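Protein chains in written order, with my numbering: chain A, 1 to 206; chain B, 207 to 920; chain C, 921 to 1073. Think of the CB as a built atom: it goes at the ideal place given N, C-alpha and C, for glycine as much as any other residue. Everything numeric in this text was worked out from a predicted model, so none of it was measured. A short write-up of the structure that comes next.
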Amino acid sequence: MKAGALALGAAALTLGIAIAGQAREQKVEGLRPVSAFAGIADPGARSVAIFTEMGKVIQHPRCVNCHPRTDRPLQGDAQLPHDPPVSRGPADRGMAGLECGTCHGPRNVAFANGKGSVPGHPEWHAAPIAMAWEGKTLGQICQQIKDRKRNGGKSLDQIAEHNAHDSLVGWGWNPGPGRTPVPGTQAQFGELTRAWVASGAKCPAG
Amino acid sequence: MNAITPTRRNFLQSASLVLGMTLPLGKAASAAPAQSGLPFAPNAFVRVSPDNLVTVIIKHVEFGQGPATGLATLVADEMDADWSQIRVEMSPANDPLYKNLAFGTMGTGGSTAIGNSWLQMRSAGASAKAMLVEAAAKRWGVPAASIKVSKGVVSSGRRKASFGELAADAAQLKPPEKPVLKTPDQFTLIGRDTPRVDSVAKTNGTAMFTMDIQRPGMVHSAIAHPPAFGGTVKSVIDSAALAVPGVLAVKTIPHGVVVYARDSYAARKGVAALDVTWDLSKAEKRTTEELYAQFAEAAETPGKPVEKTGDTAAALRGAAKKLEAVYQFPYLAHAPMEPLDAVLEMNGDRLDVWLGSQFQVGELTAIAATLGVPFEKATLHQQFAGGSFGRRVTPAMEFAVEAALAFKAWGKGPVKHVWTRENDIRGGRYRPLAVHVVRGGLDPSGKIVAWDQVVAAQSFMKGTPMEGPELKNKGIDDALTEGIAESYKFANHYVGQHIMEAGVPTLWWRSVGNTHTAYAVETFVDQLLEMAGKDPVAGRLELMEDPRTRAVLARAAEIAGWGSKPPAGRARGVAAWKSFGSYVAQVAEVSKGADGLPKVHKVWVAVDCGIAVNPNVIRAQMESGIGYGLGHALYSEVELGEGGIVKQENFDSYRSLRIAEMPAVEVAILASDANPTGVGEPGLPPIAPAVANAWRKLTGKAVRRLPFAVGGRA
Amino acid sequence: MATDFTLNGKPASFDGDPETPLLYVLRDHLGLTGTKYGCGIAQCGACTVHLDGKNRRSCVTPVSMVSGRQVTTIEGVAGKEAEAVHNAWVAIDVPQCGFCQSGQVMSAIGLLRIKKKPSDSDIDAAMAGNICRCATYVRIRQAIHDAAHALEA
């Protein structure tokens, strides 16, 4: 009885590893280059397809976690509410006495225990509530990114520039120990954004 | 009214008083621990120095519950000392002088500190006072009966002297054989909010804990433990660890692999860099889910009876209404803020140990024996301890032994051995996982006619030197079923227990068995009363026999305004429980939080712990028991995953109560002339069932599996 | 290369691994043990110090990050907010085991320097990162209010 249960446990363990292995393979899959979309003749359809590809970055936990729809950012690949329970505060940099900078520094800092890190960047902060992505569809996020009232007043060209070169965006590809990076490279993400803008910046439905 | 109403009134008074004191246990005191040769030390607990300071020797560890203040209060009151002249000093490890009278050895636990010291410390103070009075009588040539003592001043007519001025004379006298103790109406400090002796040092950072000890030439050690309980080291590749700057050595001891370094950062990085192959062939590999299933299977059978009245099976068969429940309680870590730590040093053939020891003689004995040092050559430098909740000692003293072995394996000088938080959460010695199967029956009138409760859990006493005769001879461990049979009496009443075996080491944890027995009984009875159409307070009062439990329940209901309508969206629940000789009832007012978990707004508490030595400390312990109990009930679980590996490892996964989750607490202390009993633990048992009862009223959900985060979201 | 910074108003230096968190530099090398280790992963707040006057968890602050900056610990914190917080803490006997209290006190001072009259929710927000296993939270809240009142007077 006991031996059976243990054997079952061992089987489950092996299975668990196999599943985790698959997941890992999927996650290291990069971004498809702009050229991969050249075959789509209709510019609108091509634009939507490119944005959908960009969605692999935009909807990744590394990005969504700090684009919360509430005052509280999320944490980790499981996207649990940030613990300690922090709040965005009046300037999206935390509350008096517990600011983002109380824990987050200008760069990632690995824990001494060898497991994980506190992420960091000189400009570490939450996206303003107008730019919330948490819980939204890719189509909704796309509309939002195009809307100057909800994108920090940026033109589409400025959005492309932001995605290609902003170093806080770039943190997503270098998130520190214990965190899955977003797929591809920032350069690829920038190229996809330029191609999306060039193809008419169309948004997925829904 | 909140727990801290004396604030404004006492603000200036207590601030100036306490700020006027030197640090009772600060660096200066610990640097010069032995102040022998002072003129007047009438007994092992009191010393009066010529500078008019009264030092009270404290035999209990101070890990937060206030015994240092409480014991000093007992002495100071009987002496009629002024509180500002009182100092405290931690006693050496010496059983004949300083044993816990309830244990027979030095130790702090079971909420016994004030209770066992009540007459002892008062006698020590009364004896000292009598000698000071006699010294003054001789000096002034007046009858002792003409002498008055008040606030540290001895006087007769116009003559006045301080304790310090009389100390040398008093030291020449013999202590009275039977010092006369005060009657309660004569108390001047007992019953008042005497300021804590340790607040200043613990506010300005000067309080010294074991972790703060620095010794010349000291190295820091950290340890890697086996990932599953019962695992051992098979082989170690230490090259990467040794390459960490500051790492000095890596040694294997039976407890795990120890890394020595110039600072604790390097030691911890070294541990992270170890490549250890573990032998897990004998490890406990069952998961929490498997243990729950096996324990539940056992709890379906009667087990060993601890209560058997009437015919429960027949009464259940004939009951008009029945209720059945299976309760699941997880393993819980204590997680004191200061993880386990020790500093050891040899000086010639003498051993010095710095420790916030919960069992001073036991731990020092274990360390000395491990190192082959005679006990007489070993000195314990007792420190403040950063919390314990039961964690700082185990029957086998295995942390003390681990620290000694780590010290011995280094062999080149003093070692500070400190667990990381990960060692702490994953290190075992948990509150035992427990399953209760409970069945109850009502007759047509709504009377509870049958109660059948069986508990399956591990025993942490079995097979240890602390095993009592009932456990040894009958195989019954009272901790499993603590308080169940005493809480309510029914005509047909069965309580049984199964001692389960598992390789996960367990331990006493703040309020011990009451952590789960109170929850099962007080939620189950609440539900039965609801089925009978009875009010939770009135229904309990009908059932309860013990007048002191009845009194706290009635008082808690009164201050909570039980019966009045709670604000919209809120419900109130109640629970009452006696533990460690103290009686506590709580009413919790609860709403539903955004996370689907209870948001507890306020808790009304009534407590009867005999004579209230320090009401402010009692209120603080009610707050603390509530906060500690609530945090674990809502969020905490140590879960064994695949292969018996603990899933949690730090406060990110072993969630602690945070400030926004702490309810307001209002405490009523019942007047009593009974001898004082403890308050460190009794505040805890009622909070989880009180919240659960409110939650069931609010959401309809009866929570059978703790924590709420796992079994109680609504 | 040594890291130089100002510690409690005086020059300080650490000549070791620049990745060493400030916590361990303070405790193990500079002998300032009032700042405590509680978790090592910025979850509990026991290690809170002030970096250029603001609350900062020293367990996740590599010492290189404080180069040329002002570090204040519980041993050196001063000023009217510090005095008010100390007095308020002692007046109502906030501490129990006391191990977390250096961090609580530093966080509370950091809050009061920014918010003169914090509300309950301001206190919840500022103190959310400081765990007290003894659950002295009721008194922490009260002491912060008391300190704010004292500062007003």
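Beta-carbon spacing of residue i, residue j below 8 Å
{"i": "Gly139 of chain A", "j": "Gly200 of chain A", "result": "no"}
{"i": "Ile865 of chain B", "j": "Tyr1057 of chain C", "result": "yes"}
{"i": "Arg910 of chain B", "j": "Gly802 of chain B", "result": "no"}
{"i": "Val844 of chain B", "j": "Ala499 of chain B", "result": "no"}
{"i": "Gly101 of chain A", "j": "Lys974 of chain C", "result": "yes"}
{"i": "Arg947 of chain C", "j": "Gly965 of chain C", "result": "no"}
{"i": "Gly341 of chain B", "j": "Leu372 of chain B", "result": "Sequence check: residue 341 of chain B is Ala here, not Gly. In this structure, Leu372 of chain B lies closer than 8 Å to Ala341 of chain B by Cβ."}
{"i": "Lys408 of chain B", "j": "Gly951 of chain C", "result": "no"}
{"i": "Lys154 of chain A", "j": "His162 of chain A", "result": "yes"}
{"i": "Arg776 of chain B", "j": "Val796 of chain B", "result": "yes"}
{"i": "Ala572 of chain B", "j": "Lys457 of chain B", "result": "no"}
{"i": "Ala900 of chain B", "j": "Gly779 of chain B", "result": "yes"}
{"i": "Val118 of chain A", "j": "Ala962 of chain C", "result": "yes"}
Alpha helix (DSSP H) segment containing residue i, residue limits
{"i": "His704 of chain B", "result": "Note, His704 of chain B: premise wrong, no alpha helix (DSSP H); beta strand (DSSP E) at His699 to Met706."}
{"i": "Arg754 of chain B", "result": "Pro753 to Ala766"}
{"i": "Asp301 of chain B", "result": "Asp301 to Tyr304"}
{"i": "Val197 of chain A", "result": "Gln186 to Ala198"}
{"i": "Ala900 of chain B", "result": "Ile893 to Thr905"}
{"i": "Pro43 of chain A", "result": "Pro43 to Ile58"}
{"i": "Gly835 of chain B", "result": "Pro821 to Tyr841"}
Beta bridge counterpart(s) of residue i as assigned by DSSP
{"i": "Ile459 of chain B", "result": "B:Gly462"}
{"i": "Gln990 of chain C", "result": "C:Thr926"}
{"i": "Pro804 of chain B", "result": "B:Lys798"}
{"i": "His587 of chain B", "result": "B:Trp560"}
{"i": "Ser117 of chain A", "result": "A:Ala110"}
{"i": "Ile875 of chain B", "result": "B:Val813"}
{"i": "Asn249 of chain B", "result": "B:Val252"}
{"i": "Asp485 of chain B", "result": "B:Thr438"}
{"i": "Arg365 of chain B", "result": "B:Ser362"}
{"i": "Gln143 of chain A", "result": "The partner list for Gln143 of chain A (beta bridge, DSSP) is empty, contrary to what the question assumes."}
{"i": "Met95 of chain A", "result": "A:Leu98"}
{"i": "Thr515 of chain B", "result": "B:His699"}
{"i": "Val783 of chain B", "result": "The sequence as given places Trp at residue 783 of chain B; Val does not occur at that position. According to DSSP, Trp783 of chain B bridges with B:Val790."}
{"i": "Gln75 of chain A", "result": "A:Leu80"}
{"i": "Gln928 of chain B", "result": "The first residue shown for chain B is 207 and the last is 920, placing residue 928 of chain B beyond what the model contains."}
{"i": "Val852 of chain B", "result": "B:Leu846"}
{"i": "Arg778 of chain B", "result": "B:Glu795"}
For residue i, the first and last residue of its enclosing beta strand (DSSP E)
{"i": "Gln271 of chain B", "result": "Premise fails: Gln271 of chain B is in no beta strand (DSSP E) and is neither H nor E."}
{"i": "Thr883 of chain B", "result": "Careful: Thr883 of chain B lies outside any beta strand (DSSP E) and carries neither H nor E."}
{"i": "Asn975 of chain C", "result": "Lys974 to Arg977"}
{"i": "His970 of chain C", "result": "Thr968 to Leu971"}
{"i": "Val64 of chain A", "result": "Counting along the chain, Val64 of chain A falls outside any beta strand (DSSP E), though it belongs to the alpha helix (DSSP H) covering Pro61 to Val64."}
{"i": "Asp83 of chain A", "result": "Premise fails: Asp83 of chain A is in no beta strand (DSSP E) and is neither H nor E."}
{"i": "Met552 of chain B", "result": "Asp547 to Asn553"}
{"i": "Val262 of chain B", "result": "Val260 to Ile264"}
Heavy atom of the ligand FAD within 7 Å of residue i beta-carbon
{"i": "Asn258 of chain B", "result": "Ligands in the displayed structure: none, and consequently the ligand FAD is not present."}
The stretch 826-844 of chain B / the stretch 1043-1057 of chain C touching (three or more Cβ pairs under 8 Å): yes
Length-filtered (4 minimum) alpha helix (DSSP H) runs lying within the stretch 592-674 of chain B: 604-616 and 627-632
Meets three-Cβ-pair contact criterion under 8 Å: the stretch 438-453 of chain B and the stretch 641-657 of chain B: no
Completely contained beta strand (DSSP E) runs for the stretch 423-457 of chain B, where each covers 3 or more residues: 425-430 and 438-443
Given 8 Å, three or more beta-carbon pairs between the stretch 540-547 of chain B and the stretch 620-627 of chain B: yes
Validate contact between the stretch 1002-1009 of chain C and the stretch 1059-1069 of chain C using beta carbons, cut 8 Å, 3 pairs: yes
Inter-stretch contact (C-beta, 8 Å, three-pair minimum) for the stretch 993-1006 of chain C and the stretch 385-396 of chain B: no
Start-end ranges of the alpha helix (DSSP H) lying completely within the stretch 268-356 of chain B, minimum 4 residues: 273-285, 301-304 and 319-346
Three-pair Cβ contact test at 8 Å for the stretch 571-588 of chain B versus the stretch 500-515 of chain B: no
Three-pair Cβ contact test at 8 Å for the stretch 645-663 of chain B versus the stretch 550-560 of chain B: no
Inter-stretch contact (C-beta, 8 Å, three-pair minimum) for the stretch 293-306 of chain B and the stretch 560-568 of chain B: yes
Sufficient close CB pairs (3 or more, under 8 Å) joining the stretch 875-882 of chain B to the stretch 843-859 of chain B: no
Cβ contact check for the stretch 487-507 of chain B and the stretch 446-461 of chain B: 3 or more pairs under 8 Å: no
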